[in-house]
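Engineer: Quick one: the structure is below, and I'll ask about it shortly.
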Amino acid sequence: SSIQAQLVEASRASEEAASLALESRVHADKVERELEYAKDHTKARNHVENMETRKEEAHVAYQGSLGKKAEADSKATDTKRLLDTSSEVFTNAKRDAAAEVNNAAAKRQLEHEAVQAYRKTLIAKKLVESTSLQSKVTKEAATEKSAAESRAEEYKFKMDKRAPIPTGLALLTVLNSTRYSRWEKSQSLPNSCMHSIVQSRVSQMVQNDEDVQRKNFAEFTKNHIIRTFPSWGLVSERREVNTDPTIAHGLGCQLVSMNFHSSDEHLLLNDGRFRANGSCGYVLKPPRLTLGEQERAERWRFTILYGSCLPKGETAMVKKTLSVGGSMNYISPYVRVSLYDGKGNNGNSPILHETEPAPENGLSPVWNREDEFEVEIRNPTIALLLFTVADDEAGE
Numbered sequence: 003s004s005i006q007a008q009l010v011e012a013s014r015a016s017e018e019a020a021s022l023a024l025e026s027r028v029h030a031d032k033v034e035r036e037l038e039y040a041k042d043h044t045k046a047r048n049h050v051e052n053m054e055t056r057k058e059e060a061h062v063a064y065q066g067s068l069g070k071k072a073e074a075d076s077k078a079t080d081t082k083r084l085l086d087t088s089s090e091v092f093t094n095a096k097r098d099a100a101a102e103v104n105n106a107a108a109k110r111q112l113e114h115e116a117v118q119a120y121r122k123t124l125i126a127k128k129l130v131e132s133t134s135l136q137s138k139v140t141k142e143a144a145t146e147k148s149a150a151e152s153r154a155e156e157y158k159f160k161m162d163k164r165a166p167i168p169t170g171l172a173l174l175t176v177l178n179s180t181r182y183s184r185w186e187k188s189q190s191l192p193n194s195c196m197h198s199i200v201q202s203r204v205s206q207m208v209q210n211d212e213d214v215q216r217k218n219f220a221e222f223t224k225n226h227i228i229r230t231f232p233s234w235g236l237v238s239e240r241r242e243v244n245t246d247p248t249i250a251h252g253l254g255c256q257l258v259s260m261n262f263h264s265s266d267e268h269l270l271l272n273d274g275r276f277r278a279n280g281s282c283g284y285v286l287k288p289p290r291l292t293l294g295e296q297e298r299a300e301r302w303r304f305t306i307l308y309g310s311c312l313p314k315g316e317t318a319m320v321k322k323t324l325s326v327g328g329s330m331n332y333i334s335p336y337v338r339v340s341l342y343d344g345k346g347n348n349g350n351s352p353i354l355h356e357t358e359p360a361p362e363n364g365l366s367p368v369w370n371r372e373d374e375f376e377v378e379i380r381n382p383t384i385a386l387l388l389f390t391v392a393d394d395e396a397g398e
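Counting from 3, one number per residue, gives the positions in the sequence shown under this note's numbering.
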């Protein structure tokens with residue numbers, strides 16, 4: 003708007019200068035005519051001189067007006083050029099602004115599409131998770147159904163093998179096996195009724211609610227008998243299925259069946275349990291399980307000193323048989339001490355301590371006398387320590 007005002011002012015100045023110049027010209031022409039008529043008269047001469055002077059002044063004013071007009075035209079030209087430049091700048095700015103608006107709109111569109119894609123991804127993820135959950139539920143239902151069918155077949159097989167018990171034989175029977183369902187019902191059974199529970203189920207019951215189950219087992223076995231046994235299905239597969247017998251002993255179970263065809267540490271623990279009481283085959287339950295007395299924890303300290311005439315393992319014997327030139331093969335024994343406290347070690351390794359190997363000395367290995375260790379026993383009447391001698395060279 004300021005540029006337009008300057009243009010208007012310049013045009014007005016130019017018009018005034020042109021009008022003044024034209025008026026001066028007309029006046030000069032008039033004076034010149036009057037001079038022609040008054041040449042002979044002094045007064046007229048003076049008048050002419052005055053008119054000449056005025057003419058010169060008018061001419062000077064005319065020239066000044068022309069200069070002002072030229073200056074005004076120059077300003078108008080500059081102003082017009084500036085206006086054209088400003089118009090171009092305005093047009094470019096308007097075009098750039100339109101491009102920015104388009105870019106912003108495109109960016110918003112892209113962001114909107116990205117949000118929509120993300121939402122679709124979340125929906126697809128939830129759908130996949132839902133499908134996976136449904137598949138898992140279906141698989142679990144199929145597994146449960148298969149297990150139920152297997153139990154049904156096993157139950158039918160057992161029922162088909164059952165035969166009526168003669169009345170005379172029933173009168174001679176002292177203990178009657180009764181299926182376990184719940185402890186409330188079991189406590190109401192006569193003392194002649196006993197439970198036979200598979201060992202894997204005993205471990206599962208204790209893991210689910212240890213304190214309550216230990217209390218229920220101890221209360222029931224005060225006046226009843228519980229027999230635990232390995233899974234017959236695993237036995238038929240010739241697998242080593244012996245489990246830690248101290249778990250059942252710690253619950254108060256009187257009869258804990260073992261697979262004697264599997265020579266392992268669990269069978270050694272069972273043998274060690276009945277080394278007490280003169281190895282007569284019967285061991286009294288501790289007062290904790292019969293009277294409910296609390297046991298005090300004890301601390302036991304051990305020092306592994308030496309061994310004597312330790313036999314070679316199977317691997318060492320094979321090496322001796324295959325050796326060339328009658329070379330000797332020596333063992334490097336070390337001692338491993340394991341603790342079984344009747345609680346399954348809470349999923350931890352039962353190994354408490356291992357000595358350093360005695361290099362190639364199976365005849366009279368001697369270990370460091372300072373190699374002592376101490377352990378806290380929470381159930382000293384149930385806990386068993388297992389000492390195992392192994393060969394570091396053969397890894398057995």
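The beta carbon of each residue, even a glycine, is placed where N, CA and C say it ideally should be.
Predicted model, so just to flag it, every value in this text is computed and none were measured.
Check whether the stretch 270-288 touches the stretch 363-379, taking contact to mean three or more Cβ pairs, one atom from each stretch, closer than 8 Å.
Structural biologist: Result no; under three Cβ-Cβ pairs closer than 8 Å.
Engineer: Is there contact between the stretch 256-268 and the stretch 370-380, where contact requires at least three CB pairs shorter than 8 Å?
Structural biologist: As far as the Cβ criterion goes, the stretch 256-268 does not touch the stretch 370-380, which means the pair count is below three.
Engineer: Answer yes or no: do SER222 and GLN189 have a C-beta to C-beta separation smaller than 8 Å?
Structural biologist: As written in the sequence, residue 222 is Phe, which differs from the Ser given in the question. Against a cut-off of 8 Å, the Cβ pair of GLN189 and PHE222 comes out as a contact.
Engineer: Please report the distance separating the alpha-carbon of ARG2 from that of LYS96.
Structural biologist: The shown model of the chain, from 3 to 398, leaves out residue 2, and the question about it has no answer.
Engineer: Less than 8 Å separating the beta-carbons of GLY252 and LYS345?
Structural biologist: Contact flag set, yes.
Engineer: May I ask you to list the residues that DSSP assigns as paired with SER179?
Structural biologist: MET196
Engineer: I need the boundaries of the beta strand (DSSP E) containing ASP393, first residue and last residue.
Structural biologist: Looking at the DSSP string, the run of the beta strand (DSSP E) that includes ASP393 is 386-393.
Engineer: Reducing DSSP to helix, strand and coil, say where VAL231 ends up.
Structural biologist: Note that residue 231 corresponds to Phe in the displayed sequence, not to Val. Here PHE231 sits in strand by DSSP.
Engineer: Could you check if LYS57 is buried or exposed, using at least 16 other CB atoms within 10 Å of its CB as the buried criterion?
Structural biologist: buried
Engineer: May I ask you to report which of helix, strand or coil DSSP gives THR123?
Structural biologist: helix
Engineer: GLU186 lies in the alpha helix (DSSP H); which residues open and close that run?
Structural biologist: 185-189
Engineer: Is it buried or exposed, PRO335, if we count other Cβ atoms within 10 angstroms and call 16 or more buried?
Structural biologist: buried
Engineer: Count the other CB atoms, across all protein chains shown, that sit within 10 Å of the CB of PRO166; report buried if there are 16 or more and exposed otherwise.
Structural biologist: exposed
Engineer: Taking the Cβ atom as the reference point for each residue, do ASN193 and ASN225 lie within a distance shorter than 8 Å?
Structural biologist: Cβ distance < 8 Å, so ASN193 and ASN225 count as in contact.
Engineer: Looking at the structure shown, is SER264 part of a helix, part of a strand, or coil, going by DSSP?
Structural biologist: coil
Engineer: With distances taken between CB atoms, is the gap from SER340 to LEU388 smaller than 8 Å?
Structural biologist: yes
Engineer: Please report the straight-line C-alpha distance between SER233 and LYS122, rounded to a whole angstrom.
Structural biologist: 51 Å
Engineer: Put TYR308 into one of helix, strand or coil per three-state DSSP.
Structural biologist: strand
Engineer: Taking ARG380 as the reference, which of ALA150, GLU54, GLU300, GLU374 has the closest Cα?
Structural biologist: Minimum Cα distance to ARG380 is reached at GLU300.
Engineer: As a quick exercise: from THR79, LEU312, PRO247, pick the residue whose alpha carbon is nearest that of ILE384.
Structural biologist: PRO247
Engineer: Taking VAL204 as part of the alpha helix (DSSP H), name the residues at either end of that continuous run.
Structural biologist: 201-210
Engineer: Just curious, the beta strand (DSSP E) that LEU354 is in, first and last residue?
Structural biologist: 353-356
Engineer: Can you check DSSP and say which residues form a bridge with PHE375?
Structural biologist: PHE304.
Engineer: Straight-line CA distance for ARG184 to MET207?
Structural biologist: So the alpha carbons of these two residues sit roughly 11 Å apart.
Engineer: Whole angstroms are fine: how far does the CA of ALA106 sit from the CA of ALA126?
Structural biologist: 30 Å
Engineer: To the nearest angstrom, how far is the alpha carbon of THR180 from that of MET196?
Structural biologist: The alpha-carbon atoms of THR180 and MET196 are separated by roughly 6 Å.
Engineer: VAL258 bridges to which residues according to DSSP?
Structural biologist: THR230
Engineer: Could you tell me whether the Cβ atoms of VAL377 and TRP302 are closer together than 8 Å?
Structural biologist: yes
Engineer: MET53: buried (16+ other C-beta within 10 angstroms of its C-beta) or exposed?
Structural biologist: buried
Engineer: Exposed or buried, which one is GLY283 when buried takes at least 16 other CB atoms within 10 Å?
Structural biologist: Answer is exposed; the Cβ neighbour count stays below 16.
Engineer: Among all the DSSP beta bridges, which residues are the ones paired with TYR336?
Structural biologist: ALA392
Engineer: Let's see if you can read the secondary structure: which residues bound the alpha helix (DSSP H) around GLY252?
Structural biologist: Per DSSP, GLY252 belongs to the alpha helix (DSSP H) from 247-253.
Engineer: When the Cα atoms are used, what is the spatial distance from VAL204 to PHE262?
Structural biologist: 20 Å
Engineer: Hey, out of ALA63, ASP75, ILE199, whose CA is closest to PHE231's CA?
Structural biologist: ILE199
Engineer: Given a threshold of 16 other Cβ atoms within 10 Å of its Cβ, counted over all protein chains shown, does LEU337 qualify as buried or as exposed?
Structural biologist: For clarity, residue 337 is Val in the given sequence; the question names Leu instead. VAL337 should be labelled buried.
Engineer: Under 8 Å between the Cβ atoms of SER67 and ALA19?
Structural biologist: yes
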